[in-house]
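Inspection log for the structure reproduced underneath, given as structure tokens.
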Amino acid sequence: MTATPDILCIGSVLWDVIGRSASVMRQGSDVPGRITRIPGGVAMNIAMTLVRFGFTPALLTSVGRDAEGDELVAACAARGMITDTIYRSDDLPTDVYMAVEGANGLIAAIADAHSLEAAGAKILGPLSDGRLASAETPYDGLVALDGNLTLDLLSEIAHSPLFASADLRVAPASPGKAERLIPFLTEGRGTLYVNLEEAGLLCKRSFRESREAAEGLLNRGAKRVVVTDGGSDATDGRQDGLLTQTPPQVLVTRVTGAGDTFMAAHIAAGADGATPEDALNRALQAAATYVSGETAL
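Here the sequence shown stands for residues 1 to 297, numbered as in full-length UniProt numbering.
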């Protein structure tokens with residue numbers, strides 16, 4: 001029997017292979033550094049941060065029945081996550097994310113989430129087969145959803161009665177996948193977590209600051225948005241008002257996973273009863289601590 005989770009994390013759970021160097025890099029650079037291989041993916045990063053805040057997340061994703069997949073599922077369970085909700089594919093390999101970071105930030109990244117996309121709606125089985133919920137008793141808790149799913153599946157989720165009672169928190173996996181969140185704009189569903197570039201892609205225009213971007217998304221039909229802009233300000237926008245704060249200034253030593261850390265901290269603070277002002281402040285503090293290298297995912 002599946003344990004009762006505090007939140008569902010739906011999306012990519014894969015291996016992160018990240019090369020980091022203290023050198024400033026450009027196209028073609030060949031520099032010394034460190035290469036790590038750790039559990040990652042947007043849903044996984046959010047889940048790991050939520051565990052640190054005392055949550056027990058359940059993972060809804062696709063992981064292959066290969067050696068890499070067995071190792072990944074074991075790593076998730078060891079970190080306090082519910083893993084018997086994961087769809088294990090016999091013919092799809094475990095996904096991988098690869099990135100290179102220099103002293104000047106993210107240089108390049110490739111997300112191979114083809115298996116998650118190919119699995120499609122199979123990953124949502126626990127929401128209809130009684131393990132977590134059913135069509136008669138839809139899931140009514142928190143859901144963190146990432147844009148590594150296909151546009152068709154995200155559109156299905158935005159309209160599905162299986163999610164009608166859920167508190168949906170949605171984030172694109174990257175700017176390149178930001179437009180996959182359009183169904184949540186048009187349906188006015190959930191809370192969207194985006195950065196300034198992603199907000200611009202969803203609205204098909206450029207924004208100078210997070211507050212302007214939040215207004216643009218709300219005007220397009222969003223129910224609630226949280227827009228970040230790196231080390232600049234961040235805005236929590238609802239139809240009844242906007243809240244903007246500036247994060248603490250820190251030395252940036254890494255960037256991959258910062259947005260996921262921010263989102264998880266914001267969700268956790270809200271679930272803990274924090275005011276919108278305190279929740280945004282806690283999320284900005286958590287992200288600043290993460291990018292400074294003081295806390296590991």
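Positions of the beta carbon are idealized from the N, C-alpha and C atoms, including for glycine.
1) What did DSSP end up calling residue 305 once you bin it into helix, strand or coil?
2) Hey, could you find the ends of the beta strand (DSSP E) residue 246 is sitting in?
3) Look up residue 251 in the DSSP assignment and say whether it is helix, strand or coil.
4) If you scan the region 87-122 from start to end, which runs of the alpha helix (DSSP H) of 4 or more residues do you find wholly inside it?
5) Nearest to residue 77 by CA position, among 148, 165 and 44, is which residue?
6) Which same chain residues, not among the five before or five after residue 92, have their C-beta less than 6 angstroms away from its C-beta?
7) Going by beta carbon distance, what residues of the same chain come within less than 7 angstroms of residue 207, once the five residues before and after it are set aside?
8) Expressed to the nearest angstrom, what Euclidean distance is found between the alpha-carbon atoms of residue 250 and residue 289?
9) Considering just the uninterrupted stretch of the beta strand (DSSP E) at residue 144, what are its terminal residues?
10) If I measure Cβ to Cβ from residue 172 and keep anything under 6 angstroms in the same chain, skipping five residues before and after, which residues do I get?
11) On the DSSP letters alone, give me the boundaries of the alpha helix (DSSP H) that residue 211 sits inside.
12) Evaluate the contact criterion for the region 8-19 versus the region 228-238: three or more CB pairs, one atom per stretch, below 8 angstroms.
13) Could you check which residue in 3, 273 and 40 has the C-alpha nearest to that of residue 99?
14) Would the region 103-111 and the region 245-261 be scored as touching if the rule is three or more Cβ pairs under 8 angstroms?
15) Counting only the same chain and skipping the five closest in sequence on each side, list residues whose C-beta sits under 6 angstroms from that of residue 237.
16) Thinking C-alpha only, which one of 94, 34, 284 and 261 is nearest residue 244?
17) Does the distance from the C-beta atom of residue 56 to that of residue 4 stay below 9 angstroms?
18) Taking only three categories from DSSP, how would you classify residue 189?
19) Go to residue 63, then tell me how far its beta strand (DSSP E) extends in each direction, as first and last residue.
20) Within 10 Å of its beta-carbon, does residue 189 have 16 or more other beta-carbons around it, so buried, or fewer, so exposed?
21) Grouping DSSP H, G and I as helix and E and B as strand, with all else coil, what is residue 138?
22) Going by Cα to Cα distance, which pick from 22, 6, 279 and 38 is closest to residue 140?
So, from the listed chains and residues:
1) Past the boundaries of the shown model lies residue 305; the chain is included only from 1 to 297, so the question cannot be answered.
2) Neither: residue 246 is in no beta strand (DSSP E) and is coded neither H nor E.
3) coil
4) 114-119
5) 44
6) 64, 115 and 118
7) 196, 199, 200, 213 and 216
8) 8 angstroms
9) 142-146
10) 147, 178, 181 and 198
11) 210-219
12) no
13) 40
14) yes
15) 214, 218 and 225
16) 284
17) yes
18) coil
19) 62-64
20) buried
21) coil
22) 6
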